[in-house]
Amino acid sequence: MVELRSVKKVYKDRTVLDVPQLRIQHGESVALTGANGSGKTTLLRILARLLRADSGTVTAPQDVLYLPQHPYAFRGTVLDNVLIGAKDRREQALALLETLELSALAAKPAQSLSGGELQKLALCRVLIRPCALLLLDEPTAALDTNGTRLVCDALARYKAQTDCTVVLSTHAPQFAAKAAERLIVLCDGRIESDGSI
Amino acid sequence: MDSIKQAFDLLFSLDKELFQILGVTLRMSFFSTSISCLVGLPLGTLIGTRQFRGKSFLKKLIHTCMGLPPVVAGLLVYMLFTHYGPFGRLNLLFTVTAMVIAQCVLIIPLVTGLTASFVESESRPIIETARGLGLSDARIILLCLSEGRASLLSVVLNAFGRSIAEVGAVSIVGGNIQWKTRVMTTAIMLETNKGKFSFALALGIVLLILAFIVNAAASWIVKERADG
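Residue numbers (the numbering used here), protein chains in the order written: chain A, 10 to 206; chain B, 7 to 234.
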């Protein structure tokens, strides 16, 4: 289970996150939405332990994977990138690349990919390993309709295999409706609404 | 022009003493740069990637040490290794080993500080992506070093430049002993003191050629690896 109590984060006198209470049950899929600067990334980074809250308590599983908004393409091929820290999962990597229609690019240098291709590669890199909590920061921001559909399919398959909790941020209502069952709207760092989709 | 001609004459005459001095210079610079990079690159990456209490103070301390005057570093090492010093029994004073130790005192803060600055400014997406994948700290450090190797080459070359051009510390702990601890910079200083300015300048040109060859070779190796 994921739980936040009285969590606050302030940057230079500006409160970017102020969550009195938030509870996400194990296995739930939650979409965070809201305008730029509403606190979506801050919330995800706090859950990923990349950022410390200034106050409050955060309870989250240790086994967390986080896909940043601007993922990095490491040197080497696309396949090398997927296999970073997971050398023994070559078969799974190839299957995932196939699912996200990246097979043809497997031997290409990862740093030559387009923004959308890089986003799909970054998702492959995350989905190759199991976790209890999956955090995705705008995973379809650079993707077209087909790419978004592929990501939804890959996510659904991953969730069925791992039964993990998923928290993702997005500006796309259609993607949120497909990938999550609960929608949290953030505004100026506060939860404006929270309900099922 | 005379000095340039003299520099090439010196090189092509295969002067035994010159090549012995060049050998000591290269040996000293190689070891002091290598040891400093082995310590400073991972340490700088660790400081750059981690958030911890006292980090700001530590960085200020490192930046202060980056400006440590070479004669002070030489004096510190001299006091440690002099006959009555804590490591006097090792009999290292006036050896190339002592010169390497003195240079490491100077260069480790330089490599650490420059690496930490580079990692903090350039490696954020690498760190965030790697942490998001749950990779270990050791793995993240290796990734940062590997991904930033072209930029980190300038750190290594900076370290080498400081080592090969340094005179204060090596003359104090090395003693500028002929056939033993004389390096290019101390030889230049000696010739200048003797009033042989033209010869000193020729030695300086040889030193520059040497530094250029090492820089070019290092850049070529990194480019080849990046392209390969």
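We put the beta carbon where it would ideally sit given N, CA and C, even for glycine.
Note that the structure is a prediction, hence the values are computed from the model and not measured.
1. Using the three-state DSSP reduction, which class does Gln30(A) fall into: helix, strand or coil?
2. Excluding five sequence neighbours on each side, which residues of the same chain lie with their C-beta closer than 6 angstroms to the C-beta of Pro115(B)?
3. Output the boundary residues of the beta strand (DSSP E) element that contains Leu13(A).
4. Look at the Cβ atom of Val16(A), then the Cβ atom of Val67(A), and state whether they are nearer than 8 angstroms.
5. For His89(B), tell me which candidate among Leu82(B), Val83(B), Asn97(B) has the shortest Cα-Cα distance.
6. By Cβ distance below 7 angstroms, which residues in the same chain neighbour Cys148(A) in space, the five residues on each side in sequence not counted?
7. Taking 8 angstroms as the cut-off, decide whether the C-beta atoms of Ala102(A) and Leu122(A) are in contact.
8. Please list, in chain order, all residues of the same chain as Ala136(B) whose beta carbon is under 6 angstroms from its beta carbon, the five residues on each side excluded.
9. Determine, for Ser127(B), whether the minimum Cβ-Cβ distance to residues of chain A falls below 8 angstroms.
10. Classify Tyr167(A) as helix, strand or coil using the three-state DSSP reduction.
11. Please look up how many angstroms separate the CB atoms of Cys43(B) and Ala144(B), rounded, as I've assumed it's under 8 angstroms.
12. Tell whether a beta-carbon distance below 8 angstroms holds between Lys18(A) and Thr51(A).
13. What's the C-alpha gap between Leu64(B) and Gly154(B)?
14. Is it buried or exposed, Ser129(B), if we count other Cβ atoms within 10 angstroms and call 16 or more buried?
15. Under 7 angstroms between beta-carbons, which chain B residues line up against Tyr81(A)? List them in chain order, please.
16. What do you reckon, are the CB atoms on Tyr20(A) and Pro131(B) nearer than 8 angstroms?
17. Mind pulling the chain A residues with CB within less than 7 angstroms of Glu153(B)?
18. Could one say the Cβ of Pro77(A) lies closer than 8 angstroms to chain B's Cβ atoms, at least one of them?
19. Just to confirm my understanding: we take Ile41(B), look at its own chain, exclude 5 residues before and 5 after, and list those with CB closer than 6 angstroms. What are they?
20. The beta strand (DSSP E) spanning Asp207(A) covers which residue range?
21. To which residues does DSSP link Gly43(A) through a beta bridge?
22. Can you confirm whether Leu148(B), when its beta carbon is compared against all beta carbons of chain A, has any partner nearer than 8 angstroms?
23. Quick check on Asp162(A): buried or exposed, where buried means 16 or more other Cβ atoms within 10 Å of its Cβ?
24. Going by beta carbon distance, what residues of the same chain come within less than 8 angstroms of Arg61(A), once the five residues before and after it are set aside?
25. Following a CB-centred definition, is Thr191(B) positioned closer than 7 angstroms to any heavy atom of the ligand GTP?
26. Excluding five sequence neighbours on each side, which residues of the same chain lie with their C-beta closer than 8 angstroms to the C-beta of Phe100(B)?
27. Could you give the C-beta distance for Val102(B) and Val30(B), rounded to a whole number, given that I count them as a contact under 8 angstroms?
28. Under 8 angstroms by Cβ, that's how I've got Glu37(A) and Glu201(A) pegged, so tell me the actual separation to the nearest angstrom.
29. Locate the beta strand (DSSP E) running through Leu151(B), then write down its first and last residues.
30. Looking at the C-beta of Leu24(B), does it have a partner C-beta in chain A at a distance below 8 angstroms?
31. Distance check for Lys22(B) and Met85(B), CA to CA, integer angstroms please.
32. Is the beta carbon of Ile27(B) sitting closer than 8 angstroms to the one on Thr118(B)?
33. If I measure Cβ to Cβ from Ile206(A) and keep anything under 8 angstroms in the same chain, skipping five residues before and after, which residues do I get?
34. Taking Cβ to Cβ, would you say Gly204(A) is nearer than 8 angstroms to Ser47(A)?
In short:
1. The answer is strand: DSSP assigns Gln30(A) an E or B state.
2. Sequence-distant partners of Pro115(B) (beyond 5 residues in either direction) whose C-beta falls short of 6 angstroms from its own C-beta, in its chain, are Ile68, Cys71, Met72.
3. 11-20 is the span of the beta strand (DSSP E), which, as asked, contains Leu13(A).
4. Taking 8 angstroms as the Cβ cut-off, Val16(A) and Val67(A) qualify as a contacting pair.
5. The candidate whose alpha carbon is nearest that of His89(B) is Asn97(B).
6. It is worth fixing the name first, because residue 148(A) is Pro in this sequence and not Cys. Same-chain partners within the cutoff: Leu76, Gln128, Leu132, Val160, Leu177.
7. With respect to Leu122(A), Ala102(A) sits apart: the two C-beta atoms are not nearer than 8 angstroms.
8. Within the same chain, Ala136(B) has close Cβ partners Ile146, Leu149.
9. Taking Cβ atoms only, chain A never reaches closer than 8 angstroms to Ser127(B), which makes this a no.
10. Note: Tyr167(A) maps to helix in three-state DSSP.
11. Under the criterion of beta carbons closer than 8 angstroms, Cys43(B) and Ala144(B) do not qualify as touching, at roughly 17 angstroms.
12. Yes; because the gap between Cβ atoms is below 8 angstroms, this pair is in contact.
13. Those two C-alpha atoms are separated by around 23 angstroms.
14. Around the beta-carbon of Ser129(B), 16 or more other beta-carbon atoms lie within 10 Å, marking it buried.
15. Residues of chain B passing the Cβ test: Pro131, Ile132, Thr135.
16. No. Outside cutoff.
17. Close partners of Glu153(B) in chain A (Cβ separation under 7 angstroms): Phe83, Arg84.
18. Yes, Pro77(A) counts as interfacial toward chain B.
19. The answer, listed in chain order, is Cys110.
20. The first residue shown for chain A is 10 and the last is 206, placing residue 207(A) beyond what the model contains.
21. Answer is Leu195(A).
22. Not one chain A Cβ lies under 8 angstroms of Leu148(B).
23. Answer is exposed; the Cβ neighbour count stays below 16.
24. Same-chain partners within the cutoff: Ile55.
25. By its list of ligands, the structure shown contains no ligand whatsoever, and the ligand GTP lies outside what it can speak to.
26. Residues of the same chain with a CB within less than 8 angstroms of the CB of Phe100(B), apart from the 5 flanking positions on each side, are Val179, Gly180, Gly181, Ile183, Lys186, Thr187 in chain order.
27. Their Cβ separation, rounded to whole angstroms, is 6 angstroms, which keeps Val102(B) and Val30(B) in contact under 8 angstroms.
28. 19 angstroms between Cβ atoms; not a contact.
29. Here Leu151(B) belongs to no beta strand (DSSP E); instead the alpha helix (DSSP H) covers 143-153.
30. It does not: the Cβ of Leu24(B) has no partner Cβ on chain A nearer than 8 angstroms.
31. So the alpha carbons of these two residues sit roughly 33 angstroms apart.
32. No, the Cβ-Cβ distance between Ile27(B) and Thr118(B) is not below 8 angstroms.
33. Excluding sequence neighbours, Ile206(A) sits near Ala40, Ala185, Ala186, Ala189, Glu190, Arg191, Leu192.
34. No, Cβ-Cβ distance for Gly204(A) and Ser47(A) is not below 8 angstroms.
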